[in-house]
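First the structure, in the form of structure tokens, and then the observations on it.
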Amino acid sequence: MAERSPVTRRTLWLVLSLVFAFLYIPIAVLVALSFNEGGLPTAWSGFSLKWYASLANNSAILSAALNTLIVALVSTAIATLLGTLLAIGVEMRRQYGKGLEALIFAPMIIPDIVLAIALLSFFSMLNLTMGLHTIILAHVVFNLAFVCSVVRARLKSFDWSIVEASADLGASAITTFRRVTLPVIAPAVIAGALLAFTLSVDEFIIAFFTAGAGRASTTLPMQIYAMIRFGITPEINALATIVMAVSITALTLSQRLNRGIIGQ
Amino acid sequence: MAPALVWLTALMVVPCALVLALAFFRRGIYGGIDYTFTLENFGLVFDPLYAGIFLKSARIAGTATLIAVVIGYAAAYAISAAPRRWQPVFLFFAVLPFWSNYLIRTYAWIVLLNREGLITQLLRWLGYTGEPPSMLYTEGAVIAGLVYNYLPFVILACYAPLSRLNPELAEASRDLGASAATTFRRVILPLTVPGIAAGAVFVFVLSIGNFVTPALLGGGRFQMIGNLVYDQFLTANDWPFGAALAMALIAIMLLVLMVQALAADRASGRAAQTKGDADG
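If you read the sequences in order, they're chains B and Z.
Be aware that the first sequence starts at 1, since it is given in this note's numbering, and climbs by one per residue.
Be aware that the second sequence starts at 1, since it is given in this note's numbering, and climbs by one per residue.
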């Protein structure tokens, strides 16, 4: 802000401070309350980790966390594989058919509630027993679209002639992929996988509709939603703090690996 | 690429087509679906009761969009005016909350707004002794939640064109005697409209179909389209009507995206025209 008048500069800094206060105060309050002995937002009664300890003894939360981990890991693995292959296929052929673009773009913009009821109708029409496996099937849909878009961004600047050179020199398609293509796109693939993992860990509505009846397939966001509807409990604050720490770590890693995806 | 396309077709295209088809059937007497063709479900969408919910959803989404764009643009402008090496850091921290859990970010507002929440405590501490204000479970709370959740994206969308802006353009405008306000209105704003439009469409589309925020911050009986769809599928058990509502939601979304695409086309056409005139 070098060439601006002092008044303008001060206004701009004020705007920034206000916006960051707006963005971070609600989160900071949650984190602070999770360490509050009494657990109430009304009074600070001393630092304590007891709400974290009580989380560790809550079997409903632990089993939900395990379910979330299973769903996120499996759906991320499938989506990373399929999404990467899709990105390579589309970019290598340079086929930007409008229908194809729409198909790949759609999972990212379709309202969650619409995809959720569509999958619920579909699964129940097939008489499929719903559970973790149906959540995984559903999560792969949007995860593969995100992985694909991250990898495609990387491939835009990829020089395909080195793939041809590798083939001319006698390398098989698999060797070319392993030794030439993969090393170039690896950071984007990992960044895409981390993004998919985070999205899956946080996803609530689609999981809620495709989990089927019963508590066996409750995921962490479903558990959090039930707890929030029930009322404010100090345990949610602790749980929220842990979940935020996990997603923010995964995203920061993803950002570092693939500079500028989020910034583009 | 074939497996991925099969996956998308089987688990997105086919289910969505199924929902579209469902919307043309009748609800069975005992829940279920009666496979006789009807247009009743779409007629019901325009029933004053439900049309009212659509209008309310559009109003709430529109208000949230407007507020988010004003705050987001101001923030993006301030970031783009900061020293160059600080800009990526500010941008990163502006977007970071966007990647934490949506439910948790919404829950944070329950902690702030409830009757014995932090804002009430703050008012008491400042000497307020009356009844605690009822802020939670209002339309305002829903709007605040939507703005809070989607603001980072608007900042990101507006920052992109602002950071690419050639500072010499603004200088030239000032040198030619335009005031700061005129320079902003006639030079900076038109060049950054694409970013504003992208951010606005994003907030509007995600807000109008939102289910979680109205359910948590609007209270039990507060309804937007998303909640209405939810009810038809999980409580009222009228899947055909729920399907028709979902299709209406998709139609609104496509309409908004089309308007944006048209506006973007016109804007880039005009930019090319202006540039051609200047070059000529």
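For each residue, glycine too, the CB sits at the ideal point set by N, CA and C.
Requested in this report: Using a cut-off of 9 Å between C-beta atoms, extract the partners of Z:Ser179 located in chain B.
Outcome: Residues of chain B with a Cβ closer than 9 Å to the Cβ of Z:Ser179 do not exist, since the nearest Cβ in that chain sits about 13 Å away.
Query raised in the report: Under the three-state reduction of DSSP, which class applies to Z:Gly28: helix, strand or coil?
Result: Taken through DSSP and simplified to helix, strand or coil, Z:Gly28 comes out as strand.
Query - Z:Tyr107, enclosing alpha helix (DSSP H) - first and last residue - result: Counting along the chain, the alpha helix (DSSP H) containing Z:Tyr107 begins and ends at 102-113.
Query raised in the report: Using the beta-carbon of each residue, which ones in chain Z are nearer than 7 Å to B:Gly83?
Result: Those within 7 Å of B:Gly83 in chain Z are Ala4.
Query raised in the report: Relative to chain B, which residues along the region 101-115 of chain Z have a C-beta separation below 9 Å, given in chain order?
Result: Cβ proximity to chain B below 9 Å picks out Asn101, Tyr102, Leu103, Ile104, Arg105, Thr106, Tyr107, Ala108, Trp109, Ile110, Val111, Leu112, Asn114 from the region 101-115 of chain Z.
**Report entry** chain Z within 7 Å of B:Pro6, Cβ atoms only
**Finding:** For B:Pro6, no Cβ of chain Z is located within less than 7 Å of the residue's own Cβ.
Requested in this report: Closer than 8 Å by C-beta to B:Thr233: which residues in its own chain qualify, once you throw out the five before and the five after it? Chain order, please.
Outcome: Here the set comprises Gly39, Met227.
Requested in this report: Count the other CB atoms, across all protein chains shown, that sit within 10 Å of the CB of B:Ala79; report buried if there are 16 or more and exposed otherwise.
Outcome: Counting Cβ neighbours within 10 Å, B:Ala79 comes out buried, since at least 16 surround it.
Query raised in the report: How do the region 60-78 of chain B and the region 196-212 of chain B stand: do at least 3 beta-carbon pairs fall below 8 Å, yes or no?
Result: Result yes; three or more Cβ-Cβ pairs closer than 8 Å.
Query - Interface residues of chain Z facing B:Met125 [CB-CB closer than 8 Å] - result: Residues of chain Z passing the Cβ test: Leu18.
Query raised in the report: Is the distance from the Cβ of B:Val184 to the Cβ of B:Val151 below 7 Å?
Result: Inclusion of B:Val184 and B:Val151 in the CB contact set at 7 Å is not warranted, their separation being larger than that value.
Requested in this report: Find out if the Cβ-Cβ distance for the pair B:Leu251, Z:Ala108 is shorter than 7 Å.
Outcome: Their beta carbons are not under 7 Å apart, which means B:Leu251 does not touch Z:Ala108 by this criterion.
Query - Close beta carbons around B:Leu257, own chain, < 7 Å, minus the five adjacent residues each side - result: Correct list, in chain order: Pro187, Ile190, Ala191.
Requested in this report: Give every residue of the same chain whose Cβ lies closer than 8 Å to the Cβ of B:Ile236, excluding the five residues on either side of it in the sequence, and list them in chain order.
Outcome: Annotation for B:Ile236: Ile224, Met227, Ile228 place their beta carbon closer than 8 Å to its own, counting only its chain and skipping 5 residues before and after.
Query raised in the report: So with Cβ pairs under 7 Å, would you call B:Ile185 a contact of chain Z?
Result: Closer than 7 Å: no.
Query raised in the report: Expressed to the nearest angstrom, what Euclidean distance is found between the alpha-carbon atoms of Z:Val229 and Z:Gly209?
Result: Straight through space, the alpha carbons of Z:Gly209 and Z:Val229 are spaced by roughly 9 Å.
Requested in this report: In angstroms with no decimal places, state the Cα-to-Cα distance between B:Cys148 and Z:Leu8.
Outcome: Cα to Cα, B:Cys148 sits roughly 12 Å from Z:Leu8.
**Report entry** Inter-residue spacing [alpha-carbon to alpha-carbon] between Z:Ala261 and Z:Ala197
**Finding:** If I take the Cα positions, the gap works out to 10 Å.
Query - Status (buried if at least 16 other CB within 10 Å, exposed otherwise) for Z:Ile252 - result: Its Cβ being crowded by 16 or more others within 10 Å, Z:Ile252 is buried.
Report task. Give the residues of chain B in contact with Z:Pro97, contact being defined as C-beta atoms less than 8 Å apart. Result -> Simply Leu23, Tyr24, Ile27.
Report task. May I ask which residues mark the beginning and end of the alpha helix (DSSP H) holding B:Met244? Result -> Note, B:Met244: alpha helix (DSSP H), 234-257.
Requested in this report: For chain Z, find out if any of its Cβ atoms is closer than 7 Å to the Cβ of B:Pro234; answer yes or no.
Outcome: No, because no Cβ of chain Z sits closer than 7 Å to the Cβ of B:Pro234.
Query raised in the report: Roughly how many angstroms separate the alpha carbons of Z:Asp265 and Z:Met258, rounded to a whole number?
Result: One C-alpha to the other measures close to 10 Å.
Report task. Closer than 7 Å by beta-carbon distance: list the chain B residues that pair up with Z:Trp239, in chain order. Result -> Here the neighbours are Ser121.
**Report entry** Three or more C-beta pairs below 8 Å linking the region 9-27 of chain B and the region 72-92 of chain Z
**Finding:** The way I'd put it, the region 9-27 of chain B does touch the region 72-92 of chain Z; three or more beta-carbon pairs between them come closer than 8 Å.
Query - Cα-Cα separation between Z:Thr106 and Z:Asn41, rounded to whole angstroms - result: Annotation: Z:Thr106 to Z:Asn41 spans about 33 Å, alpha carbon to alpha carbon.
Query raised in the report: Which residues, in order along the region 51-71 of chain B, keep a beta-carbon less than 8 Å from a beta-carbon of chain Z?
Result: When CB distances to chain Z are screened at a threshold of 8 Å, not a single residue of the region 51-71 of chain B falls below it.
Query raised in the report: Less than 7 Å separating the beta-carbons of B:Leu120 and B:Phe208?
Result: For the pair B:Leu120 and B:Phe208, the CB atoms are not nearer than the 7 Å cut-off.
Query raised in the report: With a Cβ-Cβ cutoff of 7 Å, do Z:Asp95 and Z:Pro152 count as a contact?
Result: Contrary to the premise, residue 95 of chain Z reads as Val rather than Asp in this sequence. Taking 7 Å as the cut-off, the Cβ atoms of Z:Val95 and Z:Pro152 count as close.
Query raised in the report: So, is the C-beta of B:Met244 closer than 7 Å to a C-beta in chain Z?
Result: So, interface residue.
Query raised in the report: Which stretch, first to last residue, makes up the alpha helix (DSSP H) that contains B:Lys98?
Result: Run containing B:Lys98: 98-109, per the alpha helix (DSSP H) assignment.
**Report entry** Buried/exposed call for Z:Asn114, threshold 16 Cβ in 10 Å
**Finding:** It is buried - the Cβ of Z:Asn114 has at least 16 other Cβ atoms within 10 Å.
Query - Beta carbon proximity, B:Leu128 to chain Z, threshold 7 Å - result: Judged by the 7 Å Cβ criterion, B:Leu128 is not in contact with chain Z.
Query raised in the report: Quick one: does B:Ile224 have its CB under 7 Å from some CB of chain Z?
Result: B:Ile224 counts as touching chain Z.
Query raised in the report: Since Z:Gly177 is in the alpha helix (DSSP H), which residue starts that stretch and which ends it?
Result: DSSP places Z:Gly177 outside any alpha helix (DSSP H), giving it a letter other than H or E.
Query raised in the report: Between which two residues does the alpha helix (DSSP H) harbouring B:Ser48 extend?
Result: From DSSP, B:Ser48 is part of no alpha helix (DSSP H); its letter is neither H nor E.
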